[in-house]
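Protein chains in written order, with my numbering: chain H, 1 to 262; chain W, 1 to 259.
A virtual CB, placed ideally from N, CA and C, is assigned to each residue, including glycine.
Working notes, structure below.
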Amino acid sequence: MMKIRLSRGMIDVLSGAASIGCFLLLWLALTRHTGLGELIPGPDVVLAALFKGLFGKVGRHGILVHAGYSLARVLAGFAIGGAAGVVIGLSMGWSRFAEAVFQPLYRVVRPIPPIAWIPISIIWFGLGESAKVFLIFLASFANVTLNAWSGARDADRQLIGAARMLGANQRQIFLTIVLPSAVPQIFAGLQVAMSNSWATVLAAEMVRSSEGLGWMIVTGMSNNDIVQILSGIVAIGVVGFVLSVAMRKAEALLCRWNHGGR
Amino acid sequence: MSLEPRRPVEHVIECENIGKSFPAPGGGRREVVRGITLRARENEFLALFGPGQCGKTTLINLIAGLDSVTSGRVLVNGETVREPGPERGVVFQSTAIFPWLTTMGNVEYGPRMAGMGRAERRRKAQRYIDLVGLRGFENAFPVQLSGGMKQRVGIARVYCNEPRVMLMDEPFGALDAQTRYLMQEELRRVWEAEKRTVVFVTNNIEEAIYLADRIVVLSNCPATIKREYAIDLPRPRNYVSPEFLGLRKEITSIMDSTL
Chain H
1 MMKIRLSRGM
11 IDVLSGAASI
21 GCFLLLWLAL
31 TRHTGLGELI
41 PGPDVVLAAL
51 FKGLFGKVGR
61 HGILVHAGYS
71 LARVLAGFAI
81 GGAAGVVIGL
91 SMGWSRFAEA
101 VFQPLYRVVR
111 PIPPIAWIPI
121 SIIWFGLGES
131 AKVFLIFLAS
141 FANVTLNAWS
151 GARDADRQLI
161 GAARMLGANQ
171 RQIFLTIVLP
181 SAVPQIFAGL
191 QVAMSNSWAT
201 VLAAEMVRSS
211 EGLGWMIVTG
221 MSNNDIVQIL
231 SGIVAIGVVG
241 FVLSVAMRKA
251 EALLCRWNHG
261 GR
Chain W
1 MSLEPRRPVE
11 HVIECENIGK
21 SFPAPGGGRR
31 EVVRGITLRA
41 RENEFLALFG
51 PGQCGKTTLI
61 NLIAGLDSVT
71 SGRVLVNGET
81 VREPGPERGV
91 VFQSTAIFPW
101 LTTMGNVEYG
111 PRMAGMGRAE
121 RRRKAQRYID
131 LVGLRGFENA
141 FPVQLSGGMK
151 QRVGIARVYC
161 NEPRVMLMDE
171 PFGALDAQTR
181 YLMQEELRRV
191 WEAEKRTVVF
201 VTNNIEEAIY
211 LADRIVVLSN
221 CPATIKREYA
231 IDLPRPRNYV
241 SPEFLGLRKE
251 ITSIMDSTL
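Okay, structure coming up:
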């Protein structure tokens, strides 16, 4: 018997590809041979439209440009929201005073879903980019703040004691103990914030915009173009997947100490 | 071996009639250290030996300044201890080494905080990494090290900061028996290569006799001093020599008689 040895990573990739392949085949079979074909087009049609959209145009831009618009909005809002969340969360975890000041406000604002702010963001910022960036700022800010806060607050007392006995002052303890011990939690918050931001940008674009992946699916709806809707959805899935992989890679790099020999 | 405690001239550590109590869960206070007077000479290896969970770690924390006395006072180098400081290095049972720093990062931490330049502190840290036998593991993170290796990092980290006093709180308590013997031998070697004043807490009598110049036997809860033994055996000591076994028997018997 011949045995083929595959690495763990290869097996993961192959089984992932196989499951996507099976899903596409099932989709294809159902649209070809059952009544489902009258409701949605087959994967061949959608992928062909997607491929065409990569080089041609959907509305005024190609799909890559639409995705680029959505991504740029996400990254701008995410960068501001993430930075603000880290700063405010860490200060809440480090200083009792900052915690007392920010906590009540934070507790009230956090449960409000970002899309609830869409009307007011349009009134405040108009229809341009700043309204969308503001929404994504809100979508990313809350989770990062919460995680940075608990990460800093839960820093190991004994490690802080060890740093003091080695001669570290308060500022050094914050920079060398509290901050690094909060990093894994901050990253977990950033990951949730990233997927929230991605969901929020699509909602914002669906409400009002003239480009972006959210615009693509909502105009698909107005034109009754189900192929455009589906190719937009596939593009959203692909970009979301790429974003989450990128976040995981960044985390693995920064939190190497937390991951054993991996 | 004599039962008469020596009267040293100069004391690096002086505990004057110290006591410590904590608020008890059911109200009132729980006394864990009572009326301990303790002195340690320069470069003396002092073992605090006692059974049970009570008082020994607290005593180390009081000398380290990680906790404050309820009564009496602690002096190190003639100064009252109020907070932790670099002249009092602590080796924790749980190691408490920094998980996000490599072996090198941990060992050079103290000098780095003190503002020593990179090249100089690296050279210094390397010396202590070599001394505890961790050459080749400079860039390993703690998660990649075994329990014994982590504790070597903890010891090198404190050594590299050049404290006047080293406080070791059951540093080998979490290790398996084999590794524990190895670490005792290593610590003896390191300490003889670079002598420091050491207060070493243990509940293992062999460890205390193997390492210490003097053993202070503590009672359990609240900790009080029961007895002191000066150990005059030459190093390295033989675990099965008649003198060693005799001491062991004697100290164990006074523990048994009071439990």
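The beta strand (DSSP E) enclosing residue i, as first and last residue numbers
i: P23 (chain W); result: H11 to P23
i: M168 (chain W); result: V165 to D169
i: A114 (chain W); result: Element bounds for A114 (chain W): n/a, residue is neither H nor E.
i: L218 (chain W); result: R214 to L218
Beta carbon proximity, residue i to chain H, threshold 8 Å
i: G136 (chain W); result: no
i: R118 (chain W); result: no
i: P23 (chain W); result: no
i: G85 (chain W); result: yes
i: P5 (chain W); result: The predicted position of P5 (chain W) is uncertain, since its pLDDT is 45 and thus under 50; no value can be drawn from it.
i: P234 (chain W); result: no
i: V12 (chain W); result: no
i: W191 (chain W); result: no
i: M104 (chain W); result: no
i: V90 (chain W); result: yes
i: Y109 (chain W); result: yes
i: S146 (chain W); result: no
i: P99 (chain W); result: yes
i: M113 (chain W); result: yes
i: V143 (chain W); result: yes
i: N139 (chain W); result: no
i: A96 (chain W); result: yes
CB contact check: residue i to chain W, cutoff 8 Å
i: V218 (chain H); result: no
i: N223 (chain H); result: no
i: L90 (chain H); result: no
i: R94 (chain H); result: For the sequence presented, residue 94 (chain H) should be read as Trp rather than Arg. Chain W contact via Cβ: absent.
i: G171 (chain H); result: Looking at the sequence shown, residue 171 (chain H) is not Gly but Arg. R171 (chain H) does not count as touching chain W.
i: A83 (chain H); result: no
i: G161 (chain H); result: yes
i: R164 (chain H); result: yes
i: P180 (chain H); result: yes
i: W257 (chain H); result: yes
i: A250 (chain H); result: no
i: A29 (chain H); result: no
i: A76 (chain H); result: no
i: L228 (chain H); result: The amino acid at residue 228 (chain H) is misidentified as Leu; the sequence shows Gln. Not an interface residue.
i: A168 (chain H); result: yes
i: Q158 (chain H); result: yes
Unbroken alpha helix (DSSP H) run spanning residue i, endpoints
i: A230 (chain W); result: Unbroken run through A230 (chain W) is the beta strand (DSSP E), I225 to A230; no alpha helix (DSSP H).
i: G35 (chain W); result: Note, G35 (chain W): premise wrong, no alpha helix (DSSP H); beta strand (DSSP E) at R29 to R41.
i: R248 (chain W); result: P242 to D256
i: V58 (chain H); result: Note, V58 (chain H): premise wrong, no alpha helix (DSSP H); not H, not E.
i: P119 (chain H); result: I118 to F125
i: W215 (chain H); result: L213 to S222
i: W149 (chain H); result: E129 to R153
i: G240 (chain H); result: I226 to L254
i: A203 (chain H); result: L179 to V207
i: T264 (chain H); result: Residue 264 (chain H) lies beyond the stretch modelled for chain H, which goes from 1 to 262, so this question has no answer here.
i: E99 (chain H); result: R96 to V109
i: R171 (chain H); result: Q170 to I173
i: G161 (chain H); result: R157 to M165
Next item on the list: Indicate whether the contact test is met: 3 or more Cβ pairs, each with one atom in the segment 190–206 of chain H and one in the segment 111–118 of chain H, closer than 8 Å.
Entry: yes
Next item on the list: Anything in the segment 52–81 of chain W with a Cβ closer than 9 Å to a Cβ of chain H? List those residues in chain order, please.
Entry: N61, A64, G65 and L66
Notebook entry, point to check: In chain order, which continuous runs of the beta strand (DSSP E) of length 3 or greater are located wholly inside the segment 45–105 of chain W?
Noted result: 45–49, 71–76 and 88–91
Check: Quick check: the segment 207–223 of chain H against the segment 49–67 of chain H, are there 3 or more CB pairs under 8 Å?
Finding: yes
Next item on the list: Could you tell me which uninterrupted beta strand (DSSP E) segments, each at least 3 residues in length, are contained entirely in the segment 136–205 of chain W, listed from first to last along the chain?
Entry: 165–169 and 197–202
Notebook entry, point to check: Three or more C-beta pairs closer than 8 Å, one from the segment 42–50 of chain W and one from the segment 191–211 of chain W: is that the case here?
Noted result: Result yes; three or more Cβ-Cβ pairs closer than 8 Å.
Check: Between the segment 72–89 of chain W and the segment 161–174 of chain W, do at least 3 Cβ pairs fall closer than 8 Å?
Finding: yes
Next item on the list: Determine, using beta-carbon pairs with one atom in the segment 144–155 of chain H and one in the segment 229–236 of chain H, whether at least three such pairs fall under 8 Å.
Entry: no
Check: In chain order, what residues of the segment 131–154 of chain H put their CB closer than 7 Å to some CB of chain W?
Finding: Of all residues in the segment 131–154 of chain H, none has a Cβ within less than 7 Å of some Cβ in chain W.
Notebook entry, point to check: Below 8 Å, can you find three or more Cβ-Cβ pairs linking the segment 80–93 of chain H to the segment 181–191 of chain H?
Noted result: yes
Checklist line | Validate contact between the segment 115–126 of chain W and the segment 69–85 of chain W using beta carbons, cut 8 Å, 3 pairs | finding: At 8 Å Cβ cutoff, the stretches do not touch.
Note to self: Within 8 Å, do at least three Cβ pairs link the segment 104–112 of chain W to the segment 55–71 of chain W?
What the structure shows: Output reads no: the segment 104–112 of chain W does not touch the segment 55–71 of chain W.
Check: Of the residues that make up the segment 186–202 of chain H, which ones have a beta carbon closer than 7 Å to any beta carbon in chain W?
Finding: none
Margin query: I want to know whether the segment 143–157 of chain W touches the segment 107–118 of chain W - three or more CB-CB distances under 8 Å.
Written below: yes
Check: Can you find at least 3 beta carbon pairs, one from the segment 237–248 of chain H and one from the segment 167–176 of chain H, that sit closer than 8 Å?
Finding: no
Notebook entry, point to check: Of all the residues that make up the segment 223–248 of chain W, which are near chain H by a beta-carbon distance shorter than 8 Å?
Noted result: none
Checklist line | the segment 156–175 of chain H touching the segment 66–73 of chain H, judged by at least three CB pairs closer than 8 Å | finding: With the cut-off at 8 Å, the segment 156–175 of chain H and the segment 66–73 of chain H do not touch.
Check: Listed from N- to C-terminal order along the chain, which residues in the segment 15–49 of chain W have their beta-carbon within a distance smaller than 9 Å of any beta-carbon of chain H?
Finding: none
Checklist line | contact_flag[the segment 27–36 of chain W, the segment 214–222 of chain W] where n(CB pairs < 8 Å) is 3 or more | finding: yes
Check: Below 8 Å, can you find three or more Cβ-Cβ pairs linking the segment 148–164 of chain H to the segment 90–109 of chain H?
Finding: yes
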